[in-house]
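Undergrad: Sharing a structure with you now.
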Amino acid sequence: MKKRSLVMAPSILSADFARLGEEIHRVEKVGADWIHVDVMDGHFVPNLTVGPVVVHWIKKCTSLPQDVHLMIEHPEKYIPQFAQAGAWNITVHVEACRRPREVLRLIKKYGCRAGLSVRPRTPIEKVAPYLNELDLVLVMTVEPGFGGQSFMPDMLEKVRWLRRQNAQLKPSKQVWIEVDGGINNDTAPLATHAGANALVAGNAIFAAPHSALALKNLRHRAQTPIL
Ligand code: DX5
Ligand code: ZN
């Protein structure tokens with residue numbers, strides 16, 4: 002997969018879980034690139050969601066890569082289970098890792114791509130020591146925990162910083178710059194213009210009356226230059 006092409010990653014957090022397979026097929030048909038799976042433990046964030054069993058069943062219904070976003074404490078405890086269930090990428094929060102480098106190596110050892118995420122209050126420079134070992138950096142543009150919140154435009158500076166870092170890395174070491182939270186038709190072009198090349202969207206896709214159409218429009222808007 003080319004690292005400069007735009008990845009659209011619908012987040013199933015806003016999908017109808019009673020019809021999860023249908024929801025995924027709908028976005029798959031119109032070119033979703035990854036399925037973003039938000040895992041919350043009720044400690045790192047004040048909400049609870051899904052575990053490896055859901056990744057296991059999604060893997061059976063789609064060949065799309067699963068982009069698993071762990072908003073949990075002690076992520077190292079659960080990496081083997083998520084990897085074995087079928088995660089393609091596993092992103093952990095830098096704030097949740099005592100030794101991020103070891104956690105990233107564990108993710109790779111289990112055959113997945115490794116991502117590191119920062120909450121809005123965490124300086125992006127915290128990821129700097131790990132850039133050479135990372136496949137993806139996830140910039141949170143809302144406080145993690147819930148779908149449907151408003152995009153925080155101040156976070157775009159973190160995206161620009163990552164773009165500058167990428168420019169100094171070898172092509173083979175470039176990281177995906179992913180943005181998560183409050184992405185919609187207005188904010189998607191701001192994120193891509195700042196340098197994001199992977200966009201997560203939950204509400205803007207699955208809470209829309211026609212999720213397939215919403216995804217198509219969102220991609221189009223994200224790729225439209227800002228005048
Ligand atoms: C929030 C999650 C997001 C969430 C985004 O903690 O990490 O992935 O699903 O939802 P929207 O796009 O509705 O802000
Ligand atoms: Zn997420």
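The sequence shown begins at 2 in this note's numbering and counts up one residue at a time. The C-beta atom is built at its ideal place from N, Cα and C for all residues, glycine as well. Since the model is a prediction, treat every value here as computed from it, not as a measurement.
1. By the DSSP assignment, the beta strand (DSSP E) with S118 in it spans what residues?
2. Go ahead and pull the three-state DSSP assignment for S64.
3. So, at 6 Å on beta carbons, what are the nonlocal neighbours of G52 in its own chain, with the 5 sequence-adjacent residues on each side left out?
4. Going along the chain, which residues of its own chain have a beta-carbon closer than 7 Å to the beta-carbon of G22, five neighbours each way excluded?
5. Within 10 Å of its beta-carbon, does V54 have 16 or more other beta-carbons around it, so buried, or fewer, so exposed?
6. Please report the distance separating the alpha-carbon of M2 from that of K174.
7. Which of the three DSSP states, helix, strand or coil, is assigned to E179?
8. So what does DSSP say about S298, is it helix, strand or coil?
9. For D84 versus I59, is the C-beta distance shorter than 9 Å?
10. Unbroken beta strand (DSSP E) runs of length 3 or more, entirely within the region 69 to 139: which are they?
11. Among M141, R222 and K217, which residue has its Cα nearest to the Cα of G32?
12. N198 to A19, Cα distance in whole Å?
13. Starting from V201 and walking both ways along the beta strand (DSSP E), at which residues does that stretch end?
14. Do you know how far the Cα of H75 is from the Cα of H211?
15. Is the region 160 to 167 in contact with the region 128 to 143, if contact means three or more CB pairs nearer than 8 Å?
TA: Once the coordinates are examined:
1. Taking the first residue of the sequence shown as position 1, residue 118 is located at position 117. It spans R114 to V119 - the beta strand (DSSP E) in which S118 sits, taken as one unbroken run.
2. Residue 64 sits at position 63 when you count from the first residue of the sequence shown. DSSP places S64 in coil when its eight states are reduced to three.
3. Counting from one through the sequence shown, the residue named residue 52 turns up at place 51. Contacts found: none.
4. Here residue 22 is taken as the residue at index 21 of the sequence shown, counted from 1. Once the five neighbours on either side are set aside, the close Cβ partners of G22 are C62.
5. The count along the sequence shown starts at 1 and reaches residue 54 at position 53. Classification of V54: exposed, given that the 10 Å Cβ count is below 16.
6. In the sequence shown, residue 2 corresponds to position 1, counting from 1. In the sequence shown, residue 174 corresponds to position 173, counting from 1. Low local confidence applies: a pLDDT of 44 at M2 is under 50, so the model's placement there is unreliable, and no value is given.
7. As a first step, residue 179 must be located in the sequence shown, where it is residue number 178. Strand at E179.
8. Since the displayed the chain opens at 2 and closes at 228, residue 298 lies outside it and no answer follows.
9. Counted from its first residue, the sequence shown places residue 84 at position 83. Counted from its first residue, the sequence shown places residue 59 at position 58. The sequence shown places Ala at residue 84, rather than the Asp named in the question. In this structure, I59 does not lie closer than 9 Å to A84 by Cβ.
10. 90 to 94 and 114 to 119
11. Position 31 of the sequence shown, counting from 1, holds the residue named residue 32. For the residues M141, R222 and K217, the minimum Cα distance to G32 belongs to K217.
12. Counting from 1 along the sequence shown, the entry for residue 198 is found at position 197. Counting from 1 along the sequence shown, the entry for residue 19 is found at position 18. Computed Cα separation, rounded: 31 Å.
13. Working through the sequence shown from its first residue, we reach residue 201 at position 200. A199 to A202 is the extent of the beta strand (DSSP E) around V201.
14. Position 210 of the sequence shown, counted from the start, is the residue given in the question as residue 211. Position 74 of the sequence shown, counted from the start, is the residue given in the question as residue 75. So the two alpha carbons sit approximately 37 Å from each other.
15. yes
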